[in-house]
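With the first letter of the sequence shown counted as 1, position 69 gets the number 69 in UniProt numbering; the numbers rise by one all the way through.
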Amino acid sequence: MPIPKTEMLTVMIYFKHHAFLILQTAGRHQYISYILAFKKCGKLWFSGGISLTKEGSQELDPVKNPSYKLVVSVEDMEGQNENSFSDTTSVDITVKENIWKAPEPVKIQENSTDPHPIKITQYVFYAVAKDEHGKPVALPLRIHVEVTDINDNPPTCPSTMTVFEVQENEGVGSNIGTFIAHDMDKEGTSNSALQYRIVEQIPQIPKDNLFLVKNYEGVFQLVQQSLKKQDTPQYNLTVEVSDSDFKTLCLVQINVIDINDEIPIFEKSNYGNLTLAEDTEVGSTILTIQATDADEPFTGSSKILYRITEGDSEGHLEIDTDPLTNAGYVRIKKPLDFETKPVYNIVFHAENPEPLVSGIKYNSSSFATFKLIVTDVNEPPTFSQQVFQVNVHENVTIGTKLGNVTAKDPEGLEISYSLTNDNRGWLKINPVTGEIFSKAQLDRETESPYRVQVVATEIGGSSLRSTASFHLNLMDVNDNAPRLAKDYTGLFLCHPLQTPGSVMFEATDDDQQSFRGLHFTFALGSESLQDDWEVSKINGTHARLSTRHTNFEERVYDIPIRIKDGGRPPMEGTVSLSVTFCTCVEDRCFRPASHQPGIPTVGMAVGVLLTTLLVIGIILAVVFIRVKNKSKAKTGNARPSEVRPLSK
């Protein structure tokens, strides 16, 4: 369609000389390039060549815009002088097709004998158009190269030897198996179409051409007559597989297998009676049964499986077959129980895993009978379950019924119940009914769950007994007052206080967290302390004890603090927090204000020092006096001639 003049785009190109061209193009995008100027014989020539731009090579479409109208203007003197002359002309361009487009796929035959090299670097590549400066002038075009197939691969056999089986009574025309060869040439073409043919049969007994393979399906069939294993148990066939150019020979083996035309026969029809105690161990072999089969040994036609068809619907017995002898071993699978079933009238059936051929059926020869008699054994009582669990609150009143245990004696004797391992003496049991009651105050914080053993003893007989566990899970109630979480005897403040001081402490209690809920409230335990101290809550478990002034003595202050938990109903406790005011050195308490175990006061320290010095002085004085007296005694006993005057 025509484009309005308002959309005309004017482009001016300046040259080195006096003239330049102006080109106006229709549309908002410049799809056409123009102006080729060159100098020849000292003159400037304008070729007026018009070509597509890079954008034009992508966008030109005769369906969308079949024509364009260009206006070309030329001026001399470079259009910079008012005396320059100019002229214009119009150019009409009709768009027929965009010649820069991808070609149809290129087909190259594999193993081609055409002149080489054929310059193809990959099966899919791109062609790029560039100008003399190497700059692309259009989008790359995608080139597809399709390699066409030729028949250059022979057929291959599916395996070194393909094996099929056929029963000796197989009917004529029956399918034996499907033979599938392979060809690597393109699927679905004549290059990969295969044809099958049997070229040799070994042995040719009772005749040749007993088998047929369908030409294109590879299906093997029996076509002459039914086979007999005693005649030939195995046939080896050579199969030719061919395509239009190649032939391959493959090997096929056909095994003739025995048909199941003989039934298992028990060596005896009745295996008599067997008496066992009801406590006979599970897994014990109690009987061996035997049947034989005249079919080919070690095949599905001669293998014998035994099963119990009558007399053991509960599955207390099982039978395993010896794979070599076909003997059946009857074993106890589940514990016997005289009280439930004292006699088992068993019927065994011997059968093959392979189905019998048509016209052959199992008869009485494949069945045998057996009678198992179970004798009674005095057994201990049996609890209805091995672990009894009961949930109760820890604050139940004494004498509350907590639960009930039940046991039964297999022989029907009465049972007496008792408890063991009741180390805390919290429980008692009714010896007749098995009901369990509390006989002391329960306490979850002391022990939970509380585990004891329940004993059931038969009354009379052998007094056999059995045990079960009774677990008492105590559910918490809020029955513990809050307390300090740890020992706070080491709290101190440096004396004298320069500013009001504080210490932090933590509270807890012994109930479950769900009851205390980490929500304690704190208060001073005495109103008389409110002028000197205050307690402020930090969070649900921590609080701060602070002084209201700095005028405190150098001694220990015991501050009572009331702590209340968030239980229902809440519990409250009063604790004492000791805070020592002392002289500090390097932020450590150096001289406690009053005597504490292991910490001397100032007076005590001075007294100890003076006492030590006094004792040392006394000892030195005594030693000096003794030495002096001893010296005098020696002088008095000396002879006159031995006394020497002191030198002047």
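Glycine residues also receive a C-beta, built at the ideal position from the N, C-alpha and C atoms.
Checklist line | Which listed residue (Pro353, Ser462 and Cys157) has its alpha carbon closest to that of Val184 | finding: The question names Val, yet the displayed sequence has Met at residue 184. Comparing Cα-Cα distances from Met184 to each of Pro353, Ser462 and Cys157, the minimum goes to Cys157.
Item checked: Rounded C-alpha distance that separates Asp231 from Asn175 -> 21 Å
Notebook entry, point to check: To the nearest angstrom, how far is it from the Cα of Pro4 to the Cα of Glu82?
Noted result: Summary for Pro4: the model assigns pLDDT 37, below 50, so the residue's position carries little reliability; its value from the coordinates is reported in the next sentence. Distance between the alpha carbons of Pro4 and Glu82 is about 31 Å.
Margin query: Using CA atoms only, rank isn't needed, just tell me which of Lys135, Asn169, Ser73 and Gln122 is closest to Glu146.
Written below: Gln122
Next item on the list: To the nearest angstrom, report how far apart Ala468 and Lys486 are at their CA atoms.
Entry: 41 Å
Margin query: My assumption, with CB atoms under 8 Å, is that Asp295 sits in contact with Asn260. Please give the rounded CB distance.
Written below: 6 Å
Item checked: Residue range of the beta strand (DSSP E) that includes Lys69 -> Ser67 to Glu75
Note to self: By alpha-carbon positions, which one of Gln201, Phe437 and Lys130 ends up nearest to Leu237?
What the structure shows: Gln201
Item checked: Closest residue to Lys439 among Asn473, Pro323, Gly412 and Leu402 (Cα-Cα distance) -> Leu402
Check: Going by DSSP, which residues form a beta bridge with Thr238?
Finding: Glu200 and Leu251
Checklist line | Unbroken beta strand (DSSP E) run spanning Gln225, endpoints | finding: It is not in any beta strand (DSSP E) - Gln225 carries neither H nor E in the DSSP assignment.
Checklist line | Trp426 - partner residues in DSSP beta bridges | finding: The partner list for Trp426 (beta bridge, DSSP) is empty, contrary to what the question assumes.
Notebook entry, point to check: Taking DSSP as the reference, what is the three-state secondary structure of Ile304?
Noted result: coil
Note to self: Cutting at 8 Å between CB atoms, please list the residues of its own chain near Thr574, excluding the five before and the five after it.
What the structure shows: Gly525, Pro560, Ile561, Arg562 and Ile563
Note to self: Judging by CA-CA distance, which residue of Pro62, Gln167 and Tyr68 is the nearest neighbour of Lys229?
What the structure shows: Gln167
Checklist line | Cut-off 6 Å between Cβ atoms - residues of its own chain near Cys494, not counting five sequence neighbours on either side | finding: Cys584
Checklist line | Residue environment, Leu472, which counts as buried when at least 16 other CB atoms sit within 10 Å | finding: buried
Margin query: Please return the same chain residues whose Cβ sits closer than 7 Å to the Cβ of Leu442, not counting the five positions on each side in sequence.
Written below: Glu394, Val396, Trp426 and Leu474
Margin query: Using DSSP's beta-bridge definition, name the partner residues of Lys401.
Written below: Phe437
Checklist line | Buried versus exposed, by CB contacts within 10 Å (16 or more), Phe38 | finding: Low confidence applies here, because Phe38 scores a pLDDT of 36, under 50, leaving its location unreliable; read the following figure in that light. It is exposed - the Cβ of Phe38 has fewer than 16 other Cβ atoms within 10 Å.
Note to self: Whether or not the stretch 419–436 and the stretch 337–355 are in contact is what I'm after, with contact meaning three or more pairs of Cβ atoms, one per stretch, closer than 8 Å; do they touch?
What the structure shows: no
Notebook entry, point to check: What do you get for Leu577, buried or exposed, if any count of 16 or more other CB atoms within 10 angstroms of its CB means buried?
Noted result: buried
Check: Is Leu36 helix, strand or coil by DSSP?
Finding: Confidence at Leu36 is low in this model, with a pLDDT of 38, below 50, so its placement is unreliable and no value can be given for it.
Check: DSSP state of Ser84, grouped into three classes?
Finding: coil
Notebook entry, point to check: Does the distance from the C-beta atom of Phe220 to that of Val252 stay below 9 Å?
Noted result: yes
Checklist line | Asn111 burial status per 10 Å Cβ neighbour count (16 or more: buried) | finding: exposed
Checklist line | C-alpha gap between Phe338 and Pro431, whole angstroms | finding: 28 Å
Next item on the list: Report the rounded CA-to-CA distance for Glu240 versus Glu217, giving the unit in angstroms.
Entry: 13 Å
Checklist line | Contact check, Leu336 vs His316, beta carbons under 9 Å | finding: yes
Next item on the list: State the beta-bridge partners of Tyr450 as determined by DSSP.
Entry: Leu472
Item checked: Length of the line joining the Cα atoms of His144 and Asp245 -> 30 Å
Note to self: Taking only three categories from DSSP, how would you classify Gly56?
What the structure shows: helix
Item checked: C-alpha distance - Gly56 paired with Asn151, whole-angstrom precision -> 46 Å
Check: When you compare only the Cα positions, how much space is there between Val72 and Ala127?
Finding: 33 Å
Next item on the list: For Gly434, collect the residues of the same chain with a Cβ closer than 6 Å to its Cβ; drop the 5 residues on either side in sequence, then sort them by chain order.
Entry: Asn404, Val405, Thr406 and Tyr417
Next item on the list: Could you tell me which uninterrupted alpha helix (DSSP H) segments, each at least 4 residues in length, are contained entirely in the stretch 345–427, listed from first to last along the chain?
Entry: none
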